[in-house]
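Engineer: Numbering (this note's numbering), first residue to last: 35 to 362. We put the CB at the ideal spot given by N, CA and C, even for glycine. Before we start, here is the structure in question, set down as structure tokens.
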Amino acid sequence: MPRKCRKCSQPAVINMRQHKLALCADHFSEWIVAQTERFIKKYRMFTREDRILVAVSGGKDSLALWDVLLQLGYEADGLYLGLGIDGGFGYSDESQAMCEAFAAQHPETTLHILDIPGAYGESIPQMATRTRRGRGKPCSVCGLVKRHEMNRLAHDLGYNVLATGHNLDDEVAVLFQNTLNWQVGYLARQYPVLPEGDGFARKVKPFCRFYERETATYAIVRDIEYIYDECPFSEGATTIYYKELLNKLEADKPGAKLHFYLNFLRARDKEGLFADWKEEKVELHPCENCGQPTTAPGLCTFCRMLPEEVRPRVRTAQPIAFKMIARG
Ligand code: Q46
Ligand code: ZN
Ligand code: ZN
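Here it is in structure tokens:
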């Protein structure tokens, strides 16, 4: 028998076994919005005075996050980085089209689009091939470019908070990987909010306590169009392997992922796990080319990776602002 919404007895669109809660479409969207606000406050992510830049990829999590933040009345704009990834189906073009379609329906917001090949003359896979980084996979170059450009653009465009759509499944896969390897430094820094400082924007993950199926259901009930395909290079990634393992665990023990993550946060916050851990203080210097903070004197890793003649572009590369003008 299909389940009924706990609040209104309409047919439920989702049954969240870990919360023993089944909800209809309307009550589920309300629940997601209210829970997000609760997490934002609980982890002191930001307030309505902050300017938030949401890193959008065209996928369900980041577009759903943008939607929720707008519903909550935060000043939240989007940033899309065009990576120039095709994968035989125009992955980057299609994901950009999804972000534009979302922005077109929200005239109160702005979508900033920076096309990496347009700005620096090469796509991410081309950069990876030229620099021979990442053993045939462009992901390490991609991560480096995204981190650098998001931070640079947040700063240049006057946003102090960078929000990403990482969900519970993402966070738990990383936590599991870091625990298996006892990566103490990474574990100590894994948290829903990373404070700003030394030229870095504050980074927040307001969806870190939602399962992937919850963000997907939210996107569907809110009629948000998103790209279903993953980036073609994500195939075979270690985190996907861990996600599969954890899905098996979750199937046998509903709520196991959430407990693993929440107990980790509790051990950290209430029981002082990592309280004595001191981050090695590394001195940061502004990059000679772009001004972003970097550990080694001279050029930052991103500028060093670019061909010399392309480097000056980092100082001027600005995104296109895609904004729908409300008619009427
Ligand atoms: S890192 Fe690698 Fe992702 Fe970049 S190349 Fe694709 S899979 S998008 S999160
Ligand atoms: Zn209901
Ligand atoms: Zn630099």
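Which residue's Cα is closest to the Cα of residue 145: 132, 157 and 156?
Structural biologist: 132
Engineer: Are there any heavy atoms of ligand 3 lying less than 7 Å away from the beta-carbon of residue 179, as far as the coordinates show?
Structural biologist: Answer for residue 179: no, Cβ out of range of ligand 3.
Engineer: When a residue counts only if its C-beta is closer than 7 Å to some heavy atom of ligand 2, which residues count, in chain order?
Structural biologist: 39, 41, 42, 44, 57, 58, 60 and 61
Engineer: Looking at the structure shown, is residue 200 part of a helix, part of a strand, or coil, going by DSSP?
Structural biologist: coil
Engineer: Compute the beta-carbon to beta-carbon distance between residue 199 and residue 99, rounded to the nearest angstrom, for a pair I have assumed lies under 8 Å.
Structural biologist: About 4 Å; that satisfies the 8 Å criterion.
Engineer: For ligand 1, enumerate in chain order all residues having a CB closer than 5 Å to any of its heavy atoms.
Structural biologist: The set, ordered by position in the chain, is 172, 173, 176, 265, 267 and 268.
Engineer: Does the count of Cβ pairs from the segment 233-250 and the segment 50-69 closer than 8 Å reach three?
Structural biologist: Note that the segment 233-250 touches the segment 50-69; at least 3 beta-carbon pairs, one per stretch, sit closer than 8 Å.
Engineer: Suppose the cutoff is 6 Å on Cβ atoms and the five residues either side in sequence are ignored; what does the same chain contact list for residue 167 look like?
Structural biologist: 174 and 175
Engineer: Which runs of the beta strand (DSSP E) fall wholly inside the segment 290-360 and span at least 3 residues, in chain order?
Structural biologist: Runs found: 354-356.
Engineer: Could you tell me the distance, in whole angstroms, from the CA atom of residue 239 to the CA atom of residue 96?
Structural biologist: 10 Å
Engineer: Which residue or residues does DSSP assign as beta-bridge partners of residue 237?
Structural biologist: 196 and 228
Engineer: Is it buried or exposed, residue 36, if we count other Cβ atoms within 10 angstroms and call 16 or more buried?
Structural biologist: exposed
Engineer: Tell me the DSSP secondary structure of residue 150 in three-state form.
Structural biologist: helix
Engineer: Is there contact between the segment 119-136 and the segment 274-284, where contact requires at least three CB pairs shorter than 8 Å?
Structural biologist: no
Engineer: Rounded C-beta distance between residue 40 and residue 59? I'm assuming under 8 Å.
Structural biologist: Contact doesn't hold; Cβ gap of about 14 Å is too wide.
Engineer: So, is residue 329 buried or exposed, given that buried needs 16 or more other C-beta atoms within 10 angstroms?
Structural biologist: exposed
Engineer: What ranges does the beta strand (DSSP E) occupy inside the segment 118-179, keeping only unbroken runs of at least 3 residues that lie completely in it?
Structural biologist: 145-149
Engineer: So is residue 361 buried or exposed if we call it buried at 16+ other beta carbons inside 10 Å?
Structural biologist: Interpretation of residue 361 is limited by its pLDDT of 49, a score under 50 that renders its predicted location unreliable; no figure is taken from the coordinates.
Engineer: Any heavy atom of ligand 3 inside 7 Å of the beta-carbon of residue 32?
Structural biologist: The chain is shown only over 35 to 362; residue 32 falls outside these bounds and no answer can be derived.
Engineer: What three-state label does DSSP hand residue 40 in the structure shown?
Structural biologist: coil
Engineer: Hey, would you say the C-beta of residue 224 is under 7 Å away from at least one heavy atom of ligand 3?
Structural biologist: no
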